[in-house]
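Q: Shown below is the structure under consideration.
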Amino acid sequence: MTIDIIDLTDPQFADLNAVQRAMVRAAQVRKNNAVAEADDAVAALFYLLLGKDNLRSSVRQKEEARIRAQEDAEIEAIREDLLQQLAYESIGSEENEFGPYRYPENPNYNLSFSQRYLVVRNYYMQVTTNPQARLDAYGMDTLARSYLGEYYQTLYEQLASYVK
4 MTIDIIDLTD PQFADLNAVQ RAMVRAAQVR KNNAVAEADD AVAALFYLLL GKDNLRSSVR
64 QKEEARIRAQ EDAEIEAIRE DLLQQLAYES IGSEENEFGP YRYPENPNYN LSFSQRYLVV
124 RNYYMQVTTN PQARLDAYGM DTLARSYLGE YYQTLYEQLA SYVK
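In this note's numbering, each residue carries its 1-based index in the sequence shown increased by 3.
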């Protein structure tokens, strides 16, 4: 598999631990699926317009541009998610007397607010793939309001940006 979701040389990829390599591979598969879906949509549009003798219409150009823009936005979201996961993969590996730190069961109050933001963001990104359900669940999370402080609204806006 060619890894092109993020720029990594072979030595850099080899320096990643097993969990990080799995994250990169999973993100690459998601990117490849997004590209394949966009290619299929463009091909379907081509054949639809070909059958109607409208192949040179401006509708085709505009629709292809919309499909590619949607593809680029999805790939950028996957890339951003991967980079944040890689940067903060080890945050949850510590523990206290209640067991390993894990949001929301045992939140780590020793983290900075920006690290808490990433922990909560990763939690909600993994809970569901439905952006609206994710936003609704986050909106009802009363622990996140106190745990994140000023970052609560920032994360809310980021999760809302994924809802189409």
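All residues carry an ideal CB built from backbone N, CA and C; glycine is no exception.
Leaving out five residues on either side along the sequence, give the residues of the same chain with a beta carbon under 7 Å from the beta carbon of Leu48.
A: By one-based count along the sequence shown, residue 48 stands at place 45. Excluding sequence neighbours, Leu48 sits near Arg63, Glu66, Glu67.
Q: What residue range is occupied by the uninterrupted alpha helix (DSSP H) comprising Val166?
A: Position 163 of the sequence shown, counted from the first residue, corresponds to residue 166. Neither: Val166 is in no alpha helix (DSSP H) and is coded neither H nor E.
Q: With Arg119 and Val130 assumed to form a contact (beta carbons below 8 Å), what rounded beta-carbon distance in angstroms separates them?
A: As a first step, residue 119 is located in the sequence shown; it is residue number 116 there, counting from the start. As a first step, residue 130 is located in the sequence shown; it is residue number 127 there, counting from the start. Not a contact, Cβ separation roughly 17 Å.
Q: Verify whether the separation of the beta carbon atoms of Met26 and Leu114 is less than 9 Å.
A: The residue labelled residue 26 in the question sits at position 23 within the sequence shown. The residue labelled residue 114 in the question sits at position 111 within the sequence shown. Contact: no.
Q: So, Tyr165 versus Ala80, is the Cβ gap smaller than 9 Å?
A: The residue labelled residue 165 in the question sits at position 162 within the sequence shown. The residue labelled residue 80 in the question sits at position 77 within the sequence shown. Their beta carbons are under 9 Å apart, which means Tyr165 touches Ala80 by this criterion.
Q: Quick check on DSSP: helix, strand or coil for Arg24?
A: The count along the sequence shown starts at 1 and reaches residue 24 at position 21. Three-state result, Arg24: helix.
Q: Is it buried or exposed for Lys34, if we count other Cβ within 10 angstroms and need 16 for buried?
A: Locating residue 34 in the sequence shown gives position 31, counting from the first residue. Lys34 comes out buried.
Q: Report, in whole angstroms, the separation of the C-beta atoms of Gln87 and Arg28, which I expect to be a contact under 8 Å.
A: Counted from its first residue, the sequence shown places residue 87 at position 84. Counted from its first residue, the sequence shown places residue 28 at position 25. The Cβ separation is near 17 Å, so there is no contact.
Q: What span of residues does the alpha helix (DSSP H) with Lys65 cover, start to end?
A: Within the sequence shown, the letter at position 62 stands for residue 65. Run containing Lys65: 61-90, per the alpha helix (DSSP H) assignment.
Q: Is Leu158 near Ala147, with beta carbons less than 9 Å apart?
A: Position 155 of the sequence shown, counting from 1, holds the residue named residue 158. Position 144 of the sequence shown, counting from 1, holds the residue named residue 147. Yes, they are a contact pair.
Q: Assuming Ala44 contacts Ile70 under a Cβ cut-off of 8 Å, what Cβ separation, rounded to an integer in Å, is found between them?
A: Taking the first residue of the sequence shown as 1, we reach residue 44 at position 41. Taking the first residue of the sequence shown as 1, we reach residue 70 at position 67. Yes, Ala44 and Ile70 are in contact; Cβ-Cβ is about 5 Å, under 8 Å.
Q: Enumerate, from N- to C-terminal direction, the unbroken alpha helix (DSSP H) stretches of 4 or more residues contained entirely within the stretch 100-150.
A: Runs found: 116-130, 134-142.
Q: In the DSSP assignment, the alpha helix (DSSP H) including Asp10 goes from what residue to what residue?
A: Position 7 of the sequence shown holds residue 10. First-last for Asp10: undefined, no H or E at that position.
Q: Just to confirm, is the Cβ distance from Tyr126 to Pro103 under 9 Å?
A: Counting from one through the sequence shown, the residue named residue 126 turns up at place 123. Counting from one through the sequence shown, the residue named residue 103 turns up at place 100. Taking 9 Å as the Cβ cut-off, Tyr126 and Pro103 do not qualify as a contacting pair.
Q: Output the distance between the C-alpha atoms of Pro134 and Gln23, rounded to the nearest integer angstrom.
A: For the purposes of this step, residue 134 is identified with residue 131 of the sequence shown, where counting begins at 1. For the purposes of this step, residue 23 is identified with residue 20 of the sequence shown, where counting begins at 1. Whole-angstrom Cα-Cα distance: 24 Å.
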